[in-house]
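Residue numbers (this note's numbering): 39 to 543.
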């Protein structure tokens, strides 16, 4: 983080005339009527999803395919819609590198930033724009930070606050305040995801979930602030929060949780798996007799045996499993498991050695080291995460309903993507469906196709607000095949760490 603090000091921007805010008031929230909705000036506020963040970073290609930029394009406003454009190799969520890359079937760290950190300001193409950007989405921003943070120093050192807000050039205004001085006719706000996402990416660390009372107070302030624009004559669209366990970072290894016989009966446990270029992550059957099925449980600190059954293993576990054999049982662990099932000691010893030999032959490393709780999400943790999302969304719908503000149901859309697919795209991880996935390499954020799907959902809502509005939908098929490979799927340890950087506090 010290490197990023140095980076921030080096982002020297042109000084502009200071913009003063009026004293804040708390008027009754009003919004324009449906038949008065004007689309002459659009502004978007939010977090990484609004910014167009993909594969653990931002770069011009991703930013111009963010859902705000796509909507502006469909409205014919691309030439006046301003973005905080970042040149190649881009800025990633880990210091010194751009977004992750997909090479020969593997996810690897992005290209290094030349002369980092001094070279970062040279990547900022639009930094001298004499007004705030129209896309003010800041990767890593939670709801409270959108209302209060004016720089990286006020947001845990997150460099994207300085890249987007460029203070003190705008009188140290927050993201929301900068949106207000642009005097938009329509504001689209998608905030709240990062008030629960970090808890999931950290393996169910529930301490990272924002208190519901604080969330409600902040969301009320958000909508009140936006409702002041143009004296209340502003259109507002809100977007709710998807389930944070419905992303590949969390659910891509769900197929390896199988029923396994234990001394206490059949239990659902994560088991040793192999990597198949076409079938993906496949549980390995170690029963050489073909008379049945023998799955070997992975070693995890959290487990059904400790009262914490594991529902998900996260993306960082996959990289450690591939590189060091984390979670793969050794002969001692297998011997203990077989003995608990009543297999005589000598036979258990022989079978354990056979299983170890089979794993080594399959390219696995029987380390005998269990996966920590930071890489697994238990049933209880998942319940708490889903409850937090439900409570946050209830706040959003309640505040929006009382103010007559429409809400895009992103939660339902992600569920649809995972269950049925959308426009032929899936919610699967890139290593499992490189041709059709709607997710980027980090397993958390959409790719260009995914952002096109989001843009279309917002456009559909906009079209429904007035008979005079008919915005054409984005052609999602034009984004198909962003990643293609037939190589053995793999993710590096560095890339796995980048996937959650800045989102885990």
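From the three backbone atoms N, C-alpha and C, an ideal C-beta is built for every residue, glycine too.
Compare the C-alpha of residue i against each of the options and name the closest.
i, options, result
"residue 326", "396, 471, 276", "396"
"residue 199", "271, 84, 168", "84"
"residue 411", "339, 382, 475, 141", "339"
"residue 305", "287, 341, 281, 291", "341"
"residue 543", "194, 375, 104", "194"
"residue 517", "181, 123, 488, 509", "488"
"residue 362", "303, 398, 348", "398"
"residue 300", "472, 334, 315, 149", "334"
"residue 512", "309, 103, 93", "103"
"residue 188", "173, 208, 417", "208"
"residue 148", "113, 190, 135", "135"
"residue 455", "491, 469, 473", "491"
"residue 154", "166, 133, 172, 145", "133"
"residue 414", "336, 453, 168", "336"
"residue 419", "91, 183, 261, 283", "283"
"residue 442", "273, 80, 267, 182", "273"
"residue 114", "142, 143, 80, 206", "80"
"residue 256", "473, 437, 167", "437"
State the start and end residues of the unbroken alpha helix (DSSP H) segment that holds residue i.
i, result
"residue 79", "Premise fails: residue 79 is in no alpha helix (DSSP H) and is neither H nor E."
"residue 373", "369 to 378"
"residue 398", "383 to 399"
"residue 453", "448 to 458"
"residue 443", "Here residue 443 belongs to no alpha helix (DSSP H), and DSSP marks it neither H nor E."
"residue 219", "213 to 219"
"residue 236", "235 to 239"
By the DSSP assignment, the beta strand (DSSP E) with residue i in it spans what residues?
i, result
"residue 533", "Careful: residue 533 lies outside any beta strand (DSSP E), inside the alpha helix (DSSP H) at 531 to 538."
"residue 226", "224 to 228"
"residue 141", "139 to 141"
"residue 351", "348 to 351"
"residue 144", "144 to 146"
"residue 201", "Careful: residue 201 lies outside any beta strand (DSSP E), inside the alpha helix (DSSP H) at 198 to 203."
"residue 247", "Element bounds for residue 247: n/a, residue is neither H nor E."
"residue 132", "Unbroken run through residue 132: none, as it is neither H nor E."
"residue 416", "414 to 416"
Would you decide whether residue i is buried or exposed? Buried here means 16 or more other CB atoms lie within 10 Å of its CB.
i, result
"residue 86", "buried"
"residue 494", "buried"
"residue 320", "exposed"
"residue 212", "buried"
"residue 515", "exposed"
"residue 529", "buried"
"residue 439", "exposed"
"residue 389", "buried"
"residue 457", "exposed"
"residue 540", "buried"
"residue 486", "buried"
"residue 61", "Note that residue 61 scores a pLDDT of 36, beneath 50, so its modelled location is shaky and nothing firm can be said."
"residue 291", "buried"
"residue 562", "In the structure as shown, the chain begins at 39 and stops at 543. Residue 562 is therefore absent and cannot be evaluated."
"residue 385", "exposed"
"residue 346", "buried"
"residue 379", "exposed"
"residue 216", "buried"
"residue 88", "buried"
"residue 510", "exposed"
Original post:
Mind pulling the beta strand (DSSP E) runs of 3 or more residues that sit fully within the segment 252 to 327?
Top reply: For the segment 252 to 327, whole beta strand (DSSP E) runs of length 3 or above, ordered along the chain, are 273 to 277, 295 to 300, 303 to 308, 311 to 314, 318 to 321.
Original post:
Below 8 Å, can you find three or more Cβ-Cβ pairs linking the segment 458 to 465 to the segment 407 to 423?
Top reply: The segment 458 to 465 is not in contact with the segment 407 to 423.
Original post:
Using 8 Å as the threshold, is the segment 467 to 484 in touch with the segment 531 to 543, meaning 3 or more CB pairs across them?
Top reply: Contact holds: three or more Cβ-Cβ distances are below 8 Å.
Original post:
Are the segment 367 to 374 and the segment 401 to 409 touching by the rule of at least three beta carbon pairs closer than 8 Å?
Top reply: Contact between the segment 367 to 374 and the segment 401 to 409 is present, with at least three C-beta pairs closer than 8 Å.
Subject >> Inter-stretch contact (C-beta, 8 Å, three-pair minimum) for the segment 102 to 110 and the segment 185 to 205 >> reply: Not touching, per the Cβ criterion.
**OP:** Give, in chain order, every unbroken run of the alpha helix (DSSP H) that is at least 4 residues long and sits entirely within the segment 84 to 116.
**Re:** With a minimum length of 4 residues, the continuous alpha helix (DSSP H) runs that stay inside the segment 84 to 116 are 86 to 89, 98 to 101, 105 to 112.
Original post:
Three or more C-beta pairs closer than 8 Å, one from the segment 233 to 247 and one from the segment 97 to 105: is that the case here?
Top reply: With a cut-off of 8 Å, the segment 97 to 105 and the segment 233 to 247 do not count as touching, because too few Cβ pairs lie within range.
**OP:** Report yes or no: do three or more beta-carbon pairs, one from the segment 220 to 236 and one from the segment 245 to 255, lie closer than 8 Å?
**Re:** Two segments are said to touch when three or more pairs of C-beta atoms, one from each, lie closer than 8 Å; by this definition the segment 220 to 236 touches the segment 245 to 255.
Original post:
Is the segment 425 to 436 touching the segment 348 to 355 in the sense that three or more CB pairs, one from each, lie closer than 8 Å?
Top reply: Taking 8 Å as the limit for Cβ pairs, the verdict is that the segment 425 to 436 does not touch the segment 348 to 355.
Original post:
Given 8 Å as the limit, is there contact between the segment 125 to 140 and the segment 160 to 169, that is, 3 or more CB pairs closer than that?
Top reply: Yes: the two stretches touch, three or more of their Cβ pairs being nearer than 8 Å.
Subject >> alpha helix (DSSP H) segments (min. 4 residues) lying fully within the segment 143 to 192 >> reply: Here the runs fully enclosed are 181 to 186.
**OP:** Can you check the segment 485 to 532 for any alpha helix (DSSP H) of at least 4 residues that lies completely inside it and give the ranges in chain order?
**Re:** Segments of the alpha helix (DSSP H) lying fully in the segment 485 to 532: 486 to 502.
**OP:** Evaluate contact between the segment 114 to 123 and the segment 491 to 509, counting only Cβ atoms and requiring at least three cross-stretch pairs below 8 Å.
**Re:** Output reads no: the segment 491 to 509 does not touch the segment 114 to 123.
Original post:
Is the segment 267 to 279 touching the segment 219 to 230 in the sense that three or more CB pairs, one from each, lie closer than 8 Å?
Top reply: They touch, by the three-pair rule.
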